[in-house]
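*Asks:* One structure is given below, represented as structure tokens, and several questions about it will come after.
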Amino acid sequence: MLHDVGEEIEHVYFPHTGMVSMVAVMQSGATVETATIGRGGVIGASAALGARWTFGRAVVQLPGSAAWLSAAQFHAAANECPAIRDLIVRYNDLLLAQVQQSVACNALHALEARLCRWLLQTHDCVDGDAIPLTQEFLGQMLGVRRTTVTISSTSSIARRSKRSLVNATPSSATTSIKCFRSPALNKFALAGGT
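Per my numbering, residue 16 is the first one in the sequence shown, and the count goes up by one each step.
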């Protein structure tokens, strides 16, 4: 975990590989992913604009490498350079758009479509097609119980799209999902599974 809810922003992270999930934590302890950040993203970007405290939890979901900078140095750089500040404002707008899309998807789309969207976003963050994960992890990211996330949900995606898009192989600790970016998977995710 890079930071938890309500912690002071001490560092800003720039992932080169891997994936970080921004997670909303409810009072009950339940969690749901609100944004996916991979290469090209920033964890703690709002520190450049003067934010001092975190609103969510940042969890490394797929390990990788990243550069980091102290929040104070990042804030100073943004104050000294209007181009950096403008870039951070545009990035925060993009992140807000992703959060809004995630909220709409979670509220309006079936589990299969949400899974497709998540797989496509995650696929953009990894090299290759294998995404190592557990059913527990998928349940947390999709806001459902672990038992709801089963191999049958990936099978229904394949049935609806008329070809195998996702290949899941269970093992004792993880499920390795192979995600094949295809027009059918993109269409299924964007159409909300209809």
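For each residue, glycine too, the CB sits at the ideal point set by N, CA and C.
Predicted, not measured: the structure shown is a model, and the values here were computed from it.
(1) Using CA coordinates, which residue listed in ALA91, ARG54, ARG105 and HIS18 is at the minimum distance from HIS138?
(2) Mind checking GLY21: buried by the 16 CB within 10 Å criterion, or exposed?
(3) What's the gap between the Cα of VAL159 and the Cα of HIS18?
(4) Leaving out the 5 sequence neighbours to the left and right, which residues in its chain are closer than 8 Å to HIS31 when beta-carbon positions are compared?
(5) Enumerate in chain order the residues of its own chain whose CB-to-CB distance from VAL118 is below 8 Å, with the five nearest sequence positions on each side excluded.
(6) To the nearest angstrom, report how far apart VAL38 and VAL114 are at their CA atoms.
(7) Using the C-alpha atoms, what's the distance from PHE70 back to ILE99?
(8) Starting from the C-beta of ALA66, find all residues in its chain whose C-beta is less than 7 Å away, skip the five residues before and the five after it, and write them out in chain order.
(9) Beta-carbon within less than 6 Å of VAL75's beta-carbon, same chain only, minus the 5 sequence neighbours each way: which residues are those?
(10) Can you grab the Cα-Cα spacing for the pair ARG129 / ASN121, in whole Å?
(11) Straight-line CA distance for VAL40 to MET156?
(12) Rounding to the nearest angstrom, what Cα-Cα distance links SER186 and GLY143 in this structure?
(13) Over what stretch of residues does the alpha helix (DSSP H) that includes PRO97 continue unbroken?
(14) Is it buried or exposed for CYS131, if we count other Cβ within 10 angstroms and need 16 for buried?
(15) For the alpha helix (DSSP H) that contains TRP133, what are its first and last residues?
(16) For the region 33-59, list the alpha helix (DSSP H) runs that are entirely contained and at least 4 residues long, ordered along the chain.
*Replies:* Result, derived from the coordinates:
(1) Within the sequence shown, numbered from 1, the residue matching residue 138 stands at position 123. Of the listed residues, the one whose Cα sits closest to HIS138 is ARG54.
(2) Position 6 of the sequence shown holds residue 21. Exposed, by the Cβ-count rule.
(3) Stepping through the sequence shown from its first residue, residue 159 is reached at position 144. Stepping through the sequence shown from its first residue, residue 18 is reached at position 3. Whole-angstrom Cα-Cα distance: 23 Å.
(4) Taking the first residue of the sequence shown as 1, we reach residue 31 at position 16. Result list for HIS31: ARG54, GLY79, SER80, ALA81 and ALA82, in chain order.
(5) As a first step, residue 118 is located in the sequence shown; it is residue number 103 there, counting from the start. Only THR49 meet the Cβ criterion.
(6) Along the sequence shown, one-based indexing puts residue 38 at 23. Along the sequence shown, one-based indexing puts residue 114 at 99. Roughly 10 Å separates the two Cα atoms.
(7) Position 84 of the sequence shown holds residue 99. Position 55 of the sequence shown holds residue 70. For ILE99 and PHE70, the distance between alpha carbons rounds to 23 Å.
(8) By one-based count along the sequence shown, residue 66 stands at place 51. Excluding positions up to five away in sequence, the list reads ILE24.
(9) On the sequence shown, position 60 is the one that residue 75 refers to. Excluding residues within five positions, the ones whose Cβ falls inside 6 Å are VAL35.
(10) Position 114 of the sequence shown, counted from the start, is the residue given in the question as residue 129. Position 106 of the sequence shown, counted from the start, is the residue given in the question as residue 121. Whole-angstrom Cα-Cα distance: 7 Å.
(11) Here residue 40 is taken as the residue at index 25 of the sequence shown, counted from 1. Here residue 156 is taken as the residue at index 141 of the sequence shown, counted from 1. Between VAL40 and MET156, the C-alpha separation is close to 11 Å.
(12) Mapped onto the sequence shown, residue 186 falls at position 171. Mapped onto the sequence shown, residue 143 falls at position 128. Confidence is the limiting factor: at SER186 the pLDDT is only 42, short of 50, which leaves the residue's position unreliable, though a coordinate-based value still follows. Going by the C-alpha atoms only, they are around 20 Å apart.
(13) Along the sequence shown, one-based indexing puts residue 97 at 82. First-last of the alpha helix (DSSP H) with PRO97: 97-123.
(14) Counting from one through the sequence shown, the residue named residue 131 turns up at place 116. Buried: at least 16 other Cβ atoms inside 10 Å.
(15) Working through the sequence shown from its first residue, we reach residue 133 at position 118. Residues 126-138.
(16) none
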